[in-house]
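Enquirer: Chains as they are written, first to last, in numbering that gives the first Met the number 0: chain A, 0 to 310; chain B, 0 to 353; chain C, 0 to 419.
Ideal Cβ positions, reconstructed from N, Cα and C, are used throughout, including at glycine.
Mind having a look at this structure? Questions to follow.
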Amino acid sequence: MDPITILTTMFILMVQEGSILLLATLGEILTERSGILNLGVEGMMCFGALSSFIAYYVTGNWVIAVLAAALAGASLSFIHAFVSITLKANQTVSGLAITILGLGLSSSLGRPLAISRVRIEPIESIKVPILSDIPIIGPSFFNQNPIVYLSYFMVILLWFILYKTSFGLNLRSVGENPSMADSLGINVFLTRYVATTLGGALCGVSGALLILGYYPSWYDGITAGRGWIAVALVIFSSWNPLYAFFGAYFFGLVGTLNATFQSIGFRIIPTDFFRTLPYLLTIFVLVIFSSTRFRRRKMPASLGKPYTREL
Amino acid sequence: MYKIQFFPREKISAIKSFAISLASILLAFLVSGIIFVLTDVDPILAYYNLFRSFTNLSLLSESVVRAIPIMLVALGLALAYKANFISVGGEGQIYFGGIIATSLVLWNIQNNIVPEPLFMPITLIVVFLCSSIWGIIPALLKAKFEVNEVLTTLMMNYIAQIISNYLVIGPWKDPKGYGFPHSPAFPQYARFPLIPNTTINSSIYIGLFAALIIYFILSKTKFGFEVKVVGDSYPTAKYAGISYTKVVCTVMAISAGLSGLAGLSILGGVIGRLRPDFSPGYGYTGIIVAWLCNLNPIIIIFGSIFFGGLLVGGEVLQSSMGLSVGVTDVFQALMLIFTLSGEFFKRYRIVWRR
Amino acid sequence: MSVSTSRRGFIRDAAFALGGVAIGAGLGYMAAGAGQKPATVTQTITQTTTKTEVGEKKVVAGFVYVGPVSDYGWTHAHDVGREYAKSKCPWLETKIVESVEEAKVQGAIETLIGQGANIVFTTSFGFMEGTAEEAQKHPDVYFAHCSGYKSGAAGNATQNMSAYFAEFYQLYYLNGLAAGAVTETGVLGYVAAVPIPEVIRHINAFVLGAKETAKARGKNIKVYVQWLNAWFDPEGAKKAATSLVENNNADVLAFTEDTPTVLQVAESYQKKGKKVWSFSHYSDMSKEGPNAHLTGQIVNWGPIYVDFVSQVYARSWRSVDIWARIGDYMPYKWANLSNPKIESDGAVYLAPLNPVVPSEVRSLIALRWEQMKELLFEPFTGPIKDMDGKIRIKEGERATHDVLWNMDWHVEGVETPLPK
Numbered sequence: 000m001d002p003i004t005i006l007t008t009m010f011i012l013m014v015q016e017g018s019i020l021l022l023a024t025l026g027e028i029l030t031e032r033s034g035i036l037n038l039g040v041e042g043m044m045c046f047g048a049l050s051s052f053i054a055y056y057v058t059g060n061w062v063i064a065v066l067a068a069a070l071a072g073a074s075l076s077f078i079h080a081f082v083s084i085t086l087k088a089n090q091t092v093s094g095l096a097i098t099i100l101g102l103g104l105s106s107s108l109g110r111p112l113a114i115s116r117v118r119i120e121p122i123e124s125i126k127v128p129i130l131s132d133i134p135i136i137g138p139s140f141f142n143q144n145p146i147v148y149l150s151y152f153m154v155i156l157l158w159f160i161l162y163k164t165s166f167g168l169n170l171r172s173v174g175e176n177p178s179m180a181d182s183l184g185i186n187v188f189l190t191r192y193v194a195t196t197l198g199g200a201l202c203g204v205s206g207a208l209l210i211l212g213y214y215p216s217w218y219d220g221i222t223a224g225r226g227w228i229a230v231a232l233v234i235f236s237s238w239n240p241l242y243a244f245f246g247a248y249f250f251g252l253v254g255t256l257n258a259t260f261q262s263i264g265f266r267i268i269p270t271d272f273f274r275t276l277p278y279l280l281t282i283f284v285l286v287i288f289s290s291t292r293f294r295r296r297k298m299p300a301s302l303g304k305p306y307t308r309e310l
Numbered sequence: 000m001y002k003i004q005f006f007p008r009e010k011i012s013a014i015k016s017f018a019i020s021l022a023s024i025l026l027a028f029l030v031s032g033i034i035f036v037l038t039d040v041d042p043i044l045a046y047y048n049l050f051r052s053f054t055n056l057s058l059l060s061e062s063v064v065r066a067i068p069i070m071l072v073a074l075g076l077a078l079a080y081k082a083n084f085i086s087v088g089g090e091g092q093i094y095f096g097g098i099i100a101t102s103l104v105l106w107n108i109q110n111n112i113v114p115e116p117l118f119m120p121i122t123l124i125v126v127f128l129c130s131s132i133w134g135i136i137p138a139l140l141k142a143k144f145e146v147n148e149v150l151t152t153l154m155m156n157y158i159a160q161i162i163s164n165y166l167v168i169g170p171w172k173d174p175k176g177y178g179f180p181h182s183p184a185f186p187q188y189a190r191f192p193l194i195p196n197t198t199i200n201s202s203i204y205i206g207l208f209a210a211l212i213i214y215f216i217l218s219k220t221k222f223g224f225e226v227k228v229v230g231d232s233y234p235t236a237k238y239a240g241i242s243y244t245k246v247v248c249t250v251m252a253i254s255a256g257l258s259g260l261a262g263l264s265i266l267g268g269v270i271g272r273l274r275p276d277f278s279p280g281y282g283y284t285g286i287i288v289a290w291l292c293n294l295n296p297i298i299i300i301f302g303s304i305f306f307g308g309l310l311v312g313g314e315v316l317q318s319s320m321g322l323s324v325g326v327t328d329v330f331q332a333l334m335l336i337f338t339l340s341g342e343f344f345k346r347y348r349i350v351w352r353r
Numbered sequence: 000m001s002v003s004t005s006r007r008g009f010i011r012d013a014a015f016a017l018g019g020v021a022i023g024a025g026l027g028y029m030a031a032g033a034g035q036k037p038a039t040v041t042q043t044i045t046q047t048t049t050k051t052e053v054g055e056k057k058v059v060a061g062f063v064y065v066g067p068v069s070d071y072g073w074t075h076a077h078d079v080g081r082e083y084a085k086s087k088c089p090w091l092e093t094k095i096v097e098s099v100e101e102a103k104v105q106g107a108i109e110t111l112i113g114q115g116a117n118i119v120f121t122t123s124f125g126f127m128e129g130t131a132e133e134a135q136k137h138p139d140v141y142f143a144h145c146s147g148y149k150s151g152a153a154g155n156a157t158q159n160m161s162a163y164f165a166e167f168y169q170l171y172y173l174n175g176l177a178a179g180a181v182t183e184t185g186v187l188g189y190v191a192a193v194p195i196p197e198v199i200r201h202i203n204a205f206v207l208g209a210k211e212t213a214k215a216r217g218k219n220i221k222v223y224v225q226w227l228n229a230w231f232d233p234e235g236a237k238k239a240a241t242s243l244v245e246n247n248n249a250d251v252l253a254f255t256e257d258t259p260t261v262l263q264v265a266e267s268y269q270k271k272g273k274k275v276w277s278f279s280h281y282s283d284m285s286k287e288g289p290n291a292h293l294t295g296q297i298v299n300w301g302p303i304y305v306d307f308v309s310q311v312y313a314r315s316w317r318s319v320d321i322w323a324r325i326g327d328y329m330p331y332k333w334a335n336l337s338n339p340k341i342e343s344d345g346a347v348y349l350a351p352l353n354p355v356v357p358s359e360v361r362s363l364i365a366l367r368w369e370q371m372k373e374l375l376f377e378p379f380t381g382p383i384k385d386m387d388g389k390i391r392i393k394e395g396e397r398a399t400h401d402v403l404w405n406m407d408w409h410v411e412g413v414e415t416p417l418p419k
């Protein structure tokens with residue numbers, strides 16, 4: 000039982016768990032950057048998971064399954080977008096409704112699947128040559144299934160879009176100050192619709208990764224609260240895709256501690272302490288980045304507030 | 000070509016408002032019914048089973064039992080939402096209340112200091128006060144540092160739940176419990192007695208009393224007025240000299256205190272000991288109930304019972320028709336979404352123009 | 000706030016006043032009732048002679064499940080038993096409630112009683128207290144609790160409550176025999192749910208069996224345990240199983256968890272070319288891991304459920320405490336030598352053995368099965384030492400029922416100390 004093996008195993012589990020969180024977090028970052036708070040991540044993830052399960056079972060093609068999941072997540076988030084943007088309703092309640100809707104649909108539609116023990120094969124991992132031979136990092140980050148690699152790509156893509164394109168600039172200004180953005184000619188409503196729907200699509204894909212990568216059969220509650228962790232992660236990573244990368248794996252790492260500590264016989268600090276750590280740190284981050292001294296890196300100012308065009 | 004325009008309404012008549020709410024709920028029924036038909040389920044039978052709890056006394060009794068913690072949380076949240084403080088922390092406050100209650104019980108079992116008849120009243124007060132402190136934290140963070148309260152209260156839910164589960168698996172585990180994760184049983188003096196001939200425990204009185212208190216605060220006191228002003232318009236409140244800090248802290252103290260009592264009600268009224276995950280999401284159900292009942296404490300009493308009935312109905316649906324409990328979730332979600340949409344029509348007039 | 004004397008205001012105020020009076024009365028009542036003791040637990044057996052209808056009486060059996068039927072483990076096995084009972088008893092109607100968290104059991108029982116259940120089965124140890132309370136509240140409904148120790152027969156609950164359980168430790172011993180015969184690394188892993196005596200004796204029996212066959216091959220074995228602190232935890236089970244294989248070098252994984260996850264993990268290793276073995280638990284899970292499946296413990300609750308509902312139907316209820324082991328509920332006592340499958344209609348039986356288990360070990364397993372059925376062999380026969388070297392069961396003695404039901408120590412060979 001050498002440290003290298005222990006770390007490698009921990010990292011492998013960490014990447015598996017963290018990538019799921021990462022995709023959902025990226026999606027929610029996109030949404031929240033435009034000023035819309037979508038608490039429906041858990042529901043979108045679960046519904047995406049079920050859709051990908053059915054699609055993969057029927058077609059055997061994981062790309063179609065991922066698309067199905069994206070579509071599922073996007074449809075739920077579109078409802079949220081309509082209710083929050085056009086109908087200007089309370090986004091917290093709407094997000095909760097989406098969570099309940101997503102979970103409820105998955106539970107009821109998935110029931111016959113669960114009972115009949117339908118099984119799918121997890122998709123193959125692909126080994127990246129050379130990189131996967133690096134100790135510890137190699138087997139964990141570079142020997143995973145294609146959707147995990149997609150998540151790495153999404154981090155960079157999202158970062159690029161947000162900070163290096165005009166669409167991203169518009170998006171961020173809509174999130175910070177919608178009336179100013181409006182007066183500059185940016186279509187606030189369209190931007191928010193796009194951000195929310197695409198964000199939801201990513202949350203759906205995170206559910207696809209959960210199924211296609213790691214769980215060959217369906218059962219109720221398969222998402223186990225990961226969607227809520229993603230909501231916390233968005234704050235923890237200060238709405239920045241690059242920080243989200245580290246944050247997601249940090250949260251994933253904390254989840255592996257119970258098994259790892261038991262393996263090595265470490266019993267001094269109860270693992271539950273580590274489980275509160277991500278949430279405690281998130282509050283800490285919230286406080287720091289909300290106080291006036293750190294204006295530059297705080298949350299999108301219009302988050303959660305519906306925008307009404309003053310006539 | 001017709002053009003649709005929306006104009007904010009000045010005010011809306013109570014009848015119109017009620018009609019819109021009713022239409023929203025009926026739409027939810029309709030759409031759920033369509034989903035039932037599409038999935039090969041008899042909608043009439045499904046609705047009958049879903050609402051069986053209102054036709055059957057013992058099921059109704061169970062619905063009321065479940066309604067008690069929901070009611071307490073919803074009442075507290077109604078107060079908070081009136082001040083436009085969007086707390087989602089009910090769930091964590093339930094767990095925190097449960098932790099405090101269990102600690103008192105275990106301490107008294109050990110040391111036997113508090114005389115038995117006084118135990119419950121003292122516990123009620125201590126749980127309320129400690130939970131208030133838990134609730135004031137996000138209020139202060141908002142008032143002093145402008146930290147978004149939805150996010151802080153959400154995070155604190157996790158912390159409270161993890162701590163509660165840790166305590167029950169670890170230091171508070173019943174040594175005579177064969178290693179199972181539960182606390183020693185609460186002694187009889189720490190339990191809410193049942194109303195005879197029903198399965199309803201007497202914490203319902205706390206819920207009803209709380210409803211009256213909240214009603215009183217909101218409609219009869221100066222503080223209630225301040226709460227409403229803060230909720231309507233923060234600048235107006237500031238201009239009027241109302242202290243935002245004082246209002247949100249007090250509001251959250253009461254809100255969290257009530258949710259803490261909900262935790263006590265679950266442990267002392269139904270389960271009789273601390274267990275992991277003892278709240279089946281009542282904190283979140285409370286948000287929905289408070290909101291659907293328009294933050295009106297009297298309506299919340301009935302709304303909570305209605306939701307308790309829905310929860311029981313979900314289980315009835317499962318046990319008599321083999322449907323998943325998710326069906327009630329879909330129904331709840333549809334109700335919420337349509338009601339949310341209905342709010343729009345209450346606030347805006349639609350005008351068709353050529 | 001001006002004092003309003005409009006009609007609306009008056010009605011509001013009157014309602015408030017009335018409410019206050021009602022609340023005050025209620026609180027007073029509550030204070031008065033706070034000191035009351037519950038109804039005494041010891042009741043004399045009450046014969047239900049009042050119901051004298053002759054002819055058809057429907058029995059409605061309610062089932063409270065702790066997990067989803069789709070777990071394909073514990074709950075699924077109970078549901079299979081329920082279907083079996085329905086197929087044998089045309090007068091039986093059943094209703095289930097799934098995924099009931101332990102804290103919600105009383106609510107679920109109420110829901111079932113409200114729909115007319117006259118017997119309720121509660122299928123998790125954690126439901127025990129709730130079931131006992133409900134049994135007190137509803138003396139005209141029968142209750143049977145699985146895997147607990149409270150019943151009228153045991154003297155610690157009302158007479159309308161029975162307890163039932165299917166014991167697995169004998170089968171875990173047989174699993175251990177298979178494990179010891181195939182392990183190459185000599186390290187076995189066990190993913191365990193909750194540290195209660197039932198699980199502890201499963202682990203111990205497994206280790207005893209494994210040591211027996213491993214010693215015959217000249218191998219010493221070590222067993223590492225990971226505790227999940229939950230019955231249903233596929234995520235945790237996955238991480239624990241992976242950790243045991245990677246960090247502790249285990250190549251046989253036994254488990255007590257309600258899903259086939261550990262077997263699935265073993266199967267994924269087999270697919271990658273690494274020989275990791277695992278078992279079925281409660282239900283035949285061989286399809287979940289065709290290459291990794293060694294054998295396993297299968298439970299057939301069906302005959303037990305038929306037994307209970309028949310008592311209700313025939314109005315012959317007597318509180319019992321059933322502890323079904325190998326040989327119980329089998330329709331015939333003697334081995335069927337022309338068809339030497341170790342199964343069929345008993346309450347507990349062994350899953351089909353993987354051909355990789357050598358034939359002499361398979362014969363040993365069959366022999367031990369027959370011996371245990373006739374009570375000729377007991378895995379917990381002394382001398383047995385615990386992991387600190389202290390003798391727990393003396394030479395030549397067998398563990399008694401109490402020793403088994405209160406087991407809180409591990410046998411030698413287990414490396415992981417029990418959690419506090």
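Answer with yes or no whether the minimum CB distance from A/D132 to chain C is below 8 Å.
Expert: So no, A/D132 is outside the interface.
Enquirer: Given this structure, state the Cα-to-Cα distance separating A/F265 from A/T259, to the nearest angstrom.
Expert: Looking at the backbone, the Cα of A/F265 and that of A/T259 are separated by about 8 Å.
Enquirer: For C/T399, which residues from the same chain have a beta carbon less than 7 Å from its beta carbon, with the 5 sequence-adjacent residues on both sides left out?
Expert: none
Enquirer: Does the segment 200-211 of chain A come within contact of the segment 249-258 of chain C, defined as at least 3 CB pairs closer than 8 Å?
Expert: With fewer than three CB-CB distances shorter than 8 Å, the segment 200-211 of chain A does not count as touching the segment 249-258 of chain C.
Enquirer: Which residues of the segment 69-97 of chain C have a Cβ closer than 7 Å to any Cβ of chain B? Give them in chain order.
Expert: K94, I95, V96 and E97
Enquirer: Whose C-alpha, out of C/V402, C/P354, C/G235 and C/W404, is nearest the C-alpha of C/A180?
Expert: The shortest C-alpha to C-alpha distance from C/A180 to any of C/V402, C/P354, C/G235 and C/W404 is the one to C/P354.
Enquirer: Please look up how many angstroms separate the CB atoms of C/G235 and C/L243, rounded, as I've assumed it's under 8 Å.
Expert: With a Cβ gap of about 12 Å, C/G235 and C/L243 do not count as contacting.
Enquirer: Assuming C/Q105 and C/E133 form a contact by the criterion Cβ under 8 Å, report the distance between their Cβ atoms to the nearest whole angstrom.
Expert: 6 Å
Enquirer: Report the residues of the segment 319-333 of chain B with a CB closer than 9 Å to any CB of chain D, ordered along the chain.
Expert: Of the protein chains in the structure, A, B and C, none is chain D.
Enquirer: Under a CB-based cut-off of 8 Å, is B/V226 close to chain A?
Expert: no
Enquirer: How big is the Cα-Cα spacing for C/Y189 and B/S31?
Expert: Distance from the CA atom of C/Y189 to the CA atom of B/S31, rounded to whole angstroms, is 46 Å.
Enquirer: Skipping 5 residues on each side, what residues in its chain have a beta carbon closer than 6 Å to that of B/S264?
Expert: I67, P68 and S202
Enquirer: Are the C-beta of B/Q317 and some C-beta of chain C separated by less than 8 Å?
Expert: yes
Enquirer: How about A/G220 and A/Q15: do their beta carbons lie closer than 8 Å?
Expert: no
Enquirer: Residues in the same chain with beta-carbon distance under 6 Å from A/T7, minus the five sequence neighbours each way, listed in chain order, please.
Expert: I135 and P138
Enquirer: Using a beta-carbon distance below 8 Å, is C/P196 in contact with chain B?
Expert: For C/P196, the answer is yes, since a Cβ of chain B falls inside 8 Å of its Cβ.
Enquirer: List the endpoints of the continuous alpha helix (DSSP H) containing C/D306.
Expert: G301 to Y312
Enquirer: Give every residue of the same chain whose Cβ lies closer than 6 Å to the Cβ of A/N142, excluding the five residues on either side of it in the sequence, and list them in chain order.
Expert: S124, K126 and S131
Enquirer: If you compare alpha carbons, which of B/S60, B/E148 and B/V311 is closest to B/E195?
Expert: Sequence check: residue 195 of chain B is Pro here, not Glu. When only C-alpha atoms are compared, the closest one is B/S60.
Enquirer: So C/W408 and C/D385 are in contact, right, with Cβ under 8 Å, and what is the actual spacing, rounded?
Expert: Between C/D385 and C/W408 the Cβ distance is about 4 Å, and since that is below 8 Å, they are a contact.
Enquirer: With distance defined between alpha-carbon atoms, name the residue in A/S76, A/S107, A/L108 and A/G109 nearest to A/S93.
Expert: A/S76
Enquirer: Can you give the Cα-Cα distance for B/S218 and B/N200, rounded to whole angstroms?
Expert: Counting only the Cα atoms, B/N200 lies some 29 Å from B/S218.
Enquirer: Relative to the alpha-carbon of A/G174, which residue among A/E31, A/F273 and A/E120 has its alpha-carbon at the smallest distance?
Expert: A/E31
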